[in-house]
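Novice: So that we are looking at the same thing, I have put the structure below in structure tokens.
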Amino acid sequence: MTTASLSLSLEELETLSPEQLLQWAHAEHGDRAGIITSFQDTGSVIVDLAQRVAPGLRVLTVDTLRLHPETYALLERMEQRYGITIERFTPDPERLRRMVEQHGEYLFFDTKAKQEFCCEVRKVGPNQRALATLDVWFTGLRRDQSAFRKATPKVSRVKQPDGRHILKIAPLADWTQEEVDAYLEAHAVPKNTLYEQGYTSIGCMICTTPTRAGEDKRAGRWRWLNQHSAGEKKECGIHTFASGI
Ligand code: SF4
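Quick note: the sequence shown uses the working numbering, first residue 51, plus one each step.
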């Protein structure tokens, strides 16, 4: 097995604080460790924590070329605030061209399958290219983001398309929204201004809408396709393509 080498067991890693996890990953895995952020509040906390305890840890993002202007503005603010360069992974131009040629720019309105195909081309593909450069992947998943995510482990092994196994770490998996908000406030971390407009999850423009009180945080995704229940799986594939072992 070619899993990222583990000087600590999964059980031991699970007991570490977010700061300790970031320090451990940077010290043990250097440039093979990184944070993939989509500029939602949890990702911003992790980036801020990393600048304090593990400066130099890579920060990456998937740019679907369909993000809100507010998200692109936050990307630049984060770079300026921390003096870092955030690595952008964009869709393969040839796959994108073929998809639009065959199905049109707005194929995601047609069927669930076409939405997933668009997410595959614009999100999952670039995310896989980003993951190919990593052995340790920090992500902002939290258990309270949706019913589908309530069992999210803090540390897990995930299999990659090339057969490798990497560590996926959600250091704030057990944080509540209140804890995230308190951290952002206390450390004056730049926030995505879409939250002020009622968004509780942030993805591509058009496919993401604000949510109402009582809805899952991800209920605003692809409303026209699956709005049947709070537990509906609202995932683009980035966190579901890889199988844990
Ligand atoms: S969220 Fe919408 S625009 Fe973005 S990749 Fe998925 S289907 Fe395409």
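Quick reminder that beta carbons are idealized off the backbone N, C-alpha and C, glycines included.
Check A77 in the structure and name its three-state DSSP category.
Specialist: Numbered from 1 along the sequence shown, position 27 holds the residue referred to as residue 77. Looking at A77 - three-state DSSP - the assignment turns out to be helix.
Novice: At the level of alpha carbons, what is the spacing between E144 and C169?
Specialist: Here residue 144 corresponds to residue number 94 of the sequence shown, with the count starting at 1. Here residue 169 corresponds to residue number 119 of the sequence shown, with the count starting at 1. One C-alpha to the other measures close to 15 Å.
Novice: In angstroms, rounded to a whole number, what distance separates the CA positions of L72 and S59?
Specialist: Taking the sequence shown and counting its residues from 1, one reaches residue 72 at position 22. Taking the sequence shown and counting its residues from 1, one reaches residue 59 at position 9. Rounded to whole angstroms, L72 to S59 spans 15 Å at the Cα level.
Novice: Tell me whether R116 counts as near the ligand SF4, meaning its Cβ is closer than 7 Å to at least one heavy atom of that ligand.
Specialist: Working through the sequence shown from its first residue, we reach residue 116 at position 66. True, at least one ligand heavy atom lies under 7 Å from that Cβ.
Novice: Taking only the alpha-carbon atoms, compute the straight-line gap between T114 and E166 and give it to the nearest angstrom.
Specialist: Counting from 1 along the sequence shown, the entry for residue 114 is found at position 64. Counting from 1 along the sequence shown, the entry for residue 166 is found at position 116. Distance between the alpha carbons of T114 and E166 is about 13 Å.
Novice: Among the residues of its own chain, which have a CB less than 8 Å from the CB of K241, if the five just before and after it don't count?
Specialist: The residue given as residue 241 occupies position 191 in the sequence shown. Residues of the same chain with a CB within less than 8 Å of the CB of K241, apart from the 5 flanking positions on each side, are D91, S94, L124, L234 in chain order.
Novice: What are the start and end residues of the beta strand (DSSP E) that includes A269?
Specialist: On the sequence shown, residue 269 is found 219 positions in, with the first residue counted as 1. Note, A269: premise wrong, no beta strand (DSSP E); not H, not E.
Novice: So the candidates are V205, E229, E155, T261; which of them puts its Cα closest to the Cα of L66?
Specialist: Counted from its first residue, the sequence shown places residue 66 at position 16. Closest option to L66, Cα to Cα, is V205.
Novice: Tell me, please, whether the stretch 182-192 touches the stretch 146-153 by the rule of three or more beta-carbon pairs shorter than 8 Å.
Specialist: no
Novice: Please report the Cβ distance between L117 and C254, rounded to the nearest whole angstrom; I am assuming they are in contact, meaning their Cβ atoms lie under 8 Å.
Specialist: Counted from its first residue, the sequence shown places residue 117 at position 67. Counted from its first residue, the sequence shown places residue 254 at position 204. With 8 Å as the limit, L117 and C254 qualify as a contact, their Cβ atoms being about 6 Å apart.
Novice: Using the beta-carbon count (16 or more within 10 Å), is G106 buried or exposed?
Specialist: Position 56 of the sequence shown holds residue 106. By the neighbour-count criterion, in which a residue is buried when 16 or more other Cβ atoms sit within 10 angstroms of its Cβ, G106 is exposed.
Novice: Tell me the DSSP secondary structure of R207 in three-state form.
Specialist: Along the sequence shown, read from residue 1 onward, the residue named residue 207 stands at position 157. If DSSP states are grouped into helix, strand and coil, R207 belongs with the strands.
Novice: Rounded to whole angstroms, what is the Cα-Cα separation between G154 and E61?
Specialist: Along the sequence shown, one-based indexing puts residue 154 at 104. Along the sequence shown, one-based indexing puts residue 61 at 11. If I take the Cα positions, the gap works out to 47 Å.
Novice: Per DSSP, which residues does K218 bridge with? Please list them.
Specialist: As a working note, residue 218 is residue 168 in the sequence shown. Per DSSP, W187, S206.
Novice: In whole angstroms, what separates the C-alpha of G270 from that of S57?
Specialist: Mapped onto the sequence shown, residue 270 falls at position 220. Mapped onto the sequence shown, residue 57 falls at position 7. Taking the straight line joining both Cα atoms gives about 40 Å.
Novice: Considering only C-alpha positions, which residue in the set T250, D160, E137 is nearest to V112?
Specialist: Within the sequence shown, the letter at position 62 stands for residue 112. It is E137.
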